[in-house]
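*Asks:* Here's a structure for you.
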């Protein structure tokens, strides 16, 4: 933490001297873009109630919170590390979880909000709605003062349509106190400016908020913003900066972790989406022309739509309940989270460390291990999973490790030299065997989910020396300029039975639950620390006659360096994949002919790599 604190003016919203208040706001917005707002009409008891209800929500089990992940790009829950406001600062994402509530009184938008169950949090929605409306009222009065501060009529922003059903968003934020050890700097909220007109922020008093008044200076100078009981901390947003031709400043700010648990509530006061934001005549001249062209600003969304996936606990003693949850997930989406799977956090960390070490080698060293027999290194742009999307190929490099314990297969693997990466092979072999064990237990649950015997896939030979493939993946952050859309991994489905994916937390993975819809609708898959993201593959879809879905997915570049490790759980090469009797009928005959697993995989590899 810095020891210097910024000195911000205090604006009294109840003052009868509106001209004096407007002048103080003008000076604050030109010098810093931040100020305190007091006597704003939000009662102390309501602040306390909102923070109490916020704490109640964030204290819920993660699986309950994930049931409220964002839909329709609107309100809902975002977990830890799922957002990064400054791609240059951290690959892990910001150490905060949040819940967004959108406009309440616009009938076209209010029904898009999500709310915790009244059975669990009975007073949550009334408290949040009451607070929302109180802050909208304070925000409207503040916008009138800002108009005066710009030498405009008090009702200017009403006249231009900004205040005709303004789009207020309320965001509850929770920054955990304990972050654990990590090799990189972690931010509660990395450096950013806000999108809209103004933001009104309240907090529980724990420090951490900092501002950088001059973002052009290097190194940046950060100053603490002190908490003031009962006051809002107000800051100017990007749209107001556009309106004022940069006279009023949308200032960089961030939240630093302090080791204490921090709660805050931000209210983003944004104009009606059809309002045209253009330079005010009073803020431009021949010497100072408009810097930014007029634009109807359909707001940048604070969140993107995320798919709601169930969490399966592999350690649960209630295997029937777990199997039923898997069945529903595989029918509806083909994706789910897997927790308590037996792979230690330390092993995950070591695998990602070793993966980074390998991909950091000079290209000439990596090319010495170029892929043979589907093992080894594949360089950038050498694979294209969707020929229709891009001619350039996918922006990723990878390394395959094939079966370890099959004597006919294990000698085909390639390994980096021990003198260059001495601990690399033992780490990968340990991880491989751990995930193989996890995968076998999962396959037993999938058998139960299909109303089969737990050992069905053993009986048909699928688990007799199954062909597990481990794939390390690296998606670079910087792609360079191109006129063509680039994908980290273009749209595809996986070949085999199931895939168990771990990542370093950088976003990018998306799923398309209905590939027949045009245009396709893509949804983000949120990261959960320590959980595998599991998806059904094409062979399992064939076995189940499309009852279980092998879902299209892709990885989009985000400007951040992403690492992931995929484990493809595939059956023995001689196993015949044919429609299960329980999945076909006279009304629903088999859609696919029987196929030998090894032949199917070879053909899919051939098409992918054009070999």
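In full-length UniProt numbering, the protein residues as written are 1 to 611.
Even for Gly, the Cβ is constructed at its ideal location relative to N, Cα and C.
Across the region 25-43 and the region 133-143, are there enough close Cβ pairs to call them in contact, namely three or more that are closer than 8 Å?
*Replies:* The answer is yes - the region 133-143 touches the region 25-43, with three or more Cβ pairs under 8 Å.
*Asks:* Have a look at residue 26 and residue 150 and give me their C-alpha separation to the nearest angstrom.
*Replies:* When rounded, the distance between both Cα atoms is 7 Å.
*Asks:* Considering only the beta carbon of each residue, do residue 530 and residue 348 sit closer than 9 Å?
*Replies:* Yes, these two residues count as a Cβ contact at 9 Å.
*Asks:* In this structure, does DSSP put residue 269 in helix, strand or coil?
*Replies:* Strand, per DSSP.
*Asks:* Beta strand (DSSP E) containing residue 313: first to last residue?
*Replies:* Run containing residue 313: 311-313, per the beta strand (DSSP E) assignment.
*Asks:* Could you give the residue range of the beta strand (DSSP E) that holds residue 444?
*Replies:* Premise fails: residue 444 lies in the alpha helix (DSSP H), 424-449, not in any beta strand (DSSP E).
*Asks:* Kindly identify the DSSP beta-bridge partner or partners of residue 569.
*Replies:* DSSP output for residue 569 lists 468, 498 as bridge partner(s).
*Asks:* Please report how far the alpha carbon of residue 231 lies from the alpha carbon of residue 246, in whole angstroms.
*Replies:* Near 26 Å, if we compare the C-alpha coordinates of residue 246 and residue 231.
*Asks:* On the premise that residue 471 lies in contact with residue 566, defined as a C-beta separation below 8 Å, what is that separation, rounded to the nearest angstrom?
*Replies:* Right, their Cβ atoms sit about 5 Å apart.
*Asks:* What residue range does the beta strand (DSSP E) around residue 400 cover?
*Replies:* 397-401 is the extent of the beta strand (DSSP E) around residue 400.
*Asks:* Please state the DSSP three-state secondary structure of residue 25.
*Replies:* Three-state DSSP puts residue 25 in a helix.
*Asks:* Whose C-alpha, out of 132, 229, 413, 355, is nearest the C-alpha of residue 267?
*Replies:* The residue with the shortest Cα to Cα distance from residue 267 is 132.
*Asks:* What did DSSP end up calling residue 56 once you bin it into helix, strand or coil?
*Replies:* Helix.
*Asks:* Can you pull the DSSP bridge partners for residue 253?
*Replies:* Looking at the DSSP assignment, residue 253 forms a beta bridge with 192, 211.
*Asks:* If you run the structure through DSSP and keep just helix, strand and coil, what is residue 135?
*Replies:* Correct three-state label for residue 135: helix.
*Asks:* To the nearest angstrom, how far is it from the Cα of residue 374 to the Cα of residue 404?
*Replies:* Their Cα atoms are separated by approximately 14 Å.
*Asks:* Could you give the first and the last residue of the continuous beta strand (DSSP E) run that contains residue 12?
*Replies:* Per DSSP, residue 12 belongs to the beta strand (DSSP E) from 10-12.
*Asks:* With contact counted as at least three CB pairs below 8 Å, one residue from each stretch, are the region 335-354 and the region 434-443 in contact?
*Replies:* Segments in contact, yes.
*Asks:* How about residue 416 and residue 361: are their beta carbons less than 9 Å apart?
*Replies:* Contact flag set, yes.
*Asks:* What is the DSSP secondary structure of residue 560, reduced to helix, strand or coil?
*Replies:* DSSP places residue 560 in coil when its eight states are reduced to three.
*Asks:* Taking its Cβ as the centre, do 16 or more other Cβ atoms sit within 10 Å of residue 255, making it buried, or is it exposed?
*Replies:* With 16 or more Cβ atoms within 10 Å of its Cβ, residue 255 is classed as buried.
*Asks:* Just to confirm, is the Cβ distance from residue 558 to residue 506 under 9 Å?
*Replies:* The answer is yes: Cβ separation under 9 Å.
*Asks:* For residue 52, collect the residues of the same chain with a Cβ closer than 6 Å to its Cβ; drop the 5 residues on either side in sequence, then sort them by chain order.
*Replies:* The answer is none, since no qualifying residue turns up.
*Asks:* On the DSSP bridge list, what partners appear for residue 101?
*Replies:* Answer by DSSP bridge pairing, in chain order: 170.
*Asks:* So what does DSSP say about residue 147, is it helix, strand or coil?
*Replies:* It is helical.
*Asks:* Could you tell me the distance, in whole angstroms, from the CA atom of residue 607 to the CA atom of residue 592?
*Replies:* Those two C-alpha atoms are separated by around 19 Å.
*Asks:* Taking the runs of the beta strand (DSSP E) that are 3 residues or longer, which of them lie wholly in the region 336-385?
*Replies:* Runs of the beta strand (DSSP E) inside the region 336-385: 376-378.
*Asks:* Using alpha carbons as the reference points, say which of 512, 396, 569, 94 lies closest to residue 457.
*Replies:* Measuring from the Cα of residue 457, the nearest candidate turns out to be 569.
*Asks:* Going along the chain, which unbroken runs of the beta strand (DSSP E) with 3 or more residues stay wholly within the region 512-566?
*Replies:* For the region 512-566, whole beta strand (DSSP E) runs of length 3 or above, ordered along the chain, are 532-536, 552-555.
*Asks:* Are residue 542 and residue 473 close, meaning C-beta to C-beta below 9 Å?
*Replies:* No, the pair does not count as a contact, with Cβ atoms beyond the cut-off.
*Asks:* Among the residues of its own chain, which have a CB less than 8 Å from the CB of residue 5, if the five just before and after it don't count?
*Replies:* Closer than 8 Å at Cβ, skipping near neighbours: 223, 224, 225, 226.
*Asks:* Report all residues from its chain with a CB closer than 7 Å to the CB of residue 624; omit the five preceding and five following residues, and keep chain order.
*Replies:* Beyond the ends of the chain as shown, which are 1 and 611, falls residue 624; an answer cannot be given.
*Asks:* Give the straight-line distance between the Cα atoms of residue 316 and residue 322, rounded to the nearest whole angstrom.
*Replies:* Rounded to whole angstroms, residue 316 to residue 322 spans 7 Å at the Cα level.
*Asks:* Give the straight-line distance between the Cα atoms of residue 108 and residue 165, rounded to the nearest whole angstrom.
*Replies:* Approximately 11 Å, taken between the alpha carbons.
*Asks:* What does DSSP give as the partner residues of residue 235 in its beta bridges?
*Replies:* The partner list for residue 235 (beta bridge, DSSP) reads 34, 199.
*Asks:* Spell out the partners DSSP gives residue 613 in its beta bridges.
*Replies:* Beyond the ends of the chain as shown, which are 1 and 611, falls residue 613; an answer cannot be given.
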